[in-house]
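Visitor: Under my numbering, think of the first position of the sequence shown as 33, with each following residue one higher. Ideal Cβ positions, reconstructed from N, Cα and C, are used throughout, including at glycine. Computed from a prediction, not measured in an experiment: that's the story for all the values here. Dropping a structure here in structure tokens format, bear with me for questions.
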Amino acid sequence: MESRRIPTPAGVCTLRVDGPHTQHAVLMLPGRSDTAADFDEVCVRLHNSGLRTAVVESHAGMDEKAVRAVLDDLGLPMVNLFGHGAGAELAWQTAARAYDRFISLVVIGRGHPALPDPRGDIKEPDCPAVEVATTVLVGSNAPERRWAELSGRYVYGDYRVVPLPKTGDILRESPREVATEIVLRTSIW
Numbered sequence: 033m034e035s036r037r038i039p040t041p042a043g044v045c046t047l048r049v050d051g052p053h054t055q056h057a058v059l060m061l062p063g064r065s066d067t068a069a070d071f072d073e074v075c076v077r078l079h080n081s082g083l084r085t086a087v088v089e090s091h092a093g094m095d096e097k098a099v100r101a102v103l104d105d106l107g108l109p110m111v112n113l114f115g116h117g118a119g120a121e122l123a124w125q126t127a128a129r130a131y132d133r134f135i136s137l138v139v140i141g142r143g144h145p146a147l148p149d150p151r152g153d154i155k156e157p158d159c160p161a162v163e164v165a166t167t168v169l170v171g172s173n174a175p176e177r178r179w180a181e182l183s184g185r186y187v188y189g190d191y192r193v194v195p196l197p198k199t200g201d202i203l204r205e206s207p208r209e210v211a212t213e214i215v216l217r218t219s220i221w
């Protein structure tokens with residue numbers, strides 16, 4: 033594993049980069065309480081599938097310009113984008129504004145930020161639609177699932193909602209399913 037510190041317009045971003053040197057990579061954006069180690073089991077599975085991973089250790093203050101700077105520094109013209117928690121919100125926003133840099137978008141438990149979340153809050157009413165193949169993994173929480181289902185109208189591409197029978201933390205409870213969905217989105221069928 034290689035640790036990288038990359039200057040961005042939002043400050044220095046620290047990443048863990050690992051996996052085989054191939055043309056396929058996944059940029060992983062964590063939630064506020066996530067650590068890079070929380071992604072380890074998913075990353076191992078992605079590496080076994082021939083994917084390189086770049087896990088952001090912290091994204092405080094990051095925006096789509098900072099994500100672009102990270103991709104430029106890593107020499108990655110296009111990647112698959114994955115987000116969990118607050119990282120999923122940043123992933124939606126980034127994919128909506130920098131779609132030319134992403135092959136796919138996979139998020140856990142978050143719908144498009146222009147729609148009301150389960151509490152009725154709209155994070156970003158002016159967020160444009162994404163134009164890449166998108167998958168949202170959701171647990172058994174009905175309002176969260178409804179938010180994900182309604183998000184399909186903000187995706188101009190293949191869109192899937194994948195319900196899992198979990199009620200807790202999908203990233204930690206279902207790393208196999210998370211990795212499978214990311215791998216499915218990296219493949220051209």
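With distances taken from CA atoms, which of 204, 78, 155, 169 is nearest residue 54?
Guide: Position 22 of the sequence shown, counted from the first residue, corresponds to residue 54. It is 78.
Visitor: Run through DSSP, which three-state label would residue 92 get?
Guide: As a working mapping, residue 92 is identified with position 60 in the sequence shown. Note: residue 92 maps to coil in three-state DSSP.
Visitor: Rounded C-beta distance between residue 167 and residue 213? I'm assuming under 8 Å.
Guide: In the sequence shown, the residue the question calls residue 167 occupies position 135. In the sequence shown, the residue the question calls residue 213 occupies position 181. Contact holds; Cβ gap of about 5 Å.
Visitor: Buried or exposed: residue 80, going by 16 or more other Cβ atoms within 10 Å of its Cβ?
Guide: The count along the sequence shown starts at 1 and reaches residue 80 at position 48. By the neighbour-count rule (16 or more Cβ atoms within 10 Å), residue 80 is not buried but exposed.
Visitor: Going by the beta-carbon positions, is the gap between residue 137 and residue 165 smaller than 9 Å?
Guide: Numbered from 1 along the sequence shown, position 105 holds the residue referred to as residue 137. Numbered from 1 along the sequence shown, position 133 holds the residue referred to as residue 165. For residue 137 and residue 165, yes; Cβs fall inside 9 Å.
Visitor: On the criterion of 16 or more Cβ atoms from any shown chain inside 10 Å, does residue 28 qualify as buried, or is it exposed?
Guide: Examination of residue 28 is not possible in this model, given that the chain is present from 33 through 221 alone.
Visitor: Where does residue 116 sit, in a helix, a strand or coil, going by DSSP?
Guide: For this step, residue 116 is matched to residue 84 along the sequence shown. Strand.
Visitor: Quick check on residue 66: buried or exposed, where buried means 16 or more other Cβ atoms within 10 Å of its Cβ?
Guide: Your numbering for residue 66 matches position 34 in the sequence shown. With 16 or more Cβ atoms within 10 Å of its Cβ, residue 66 is classed as buried.
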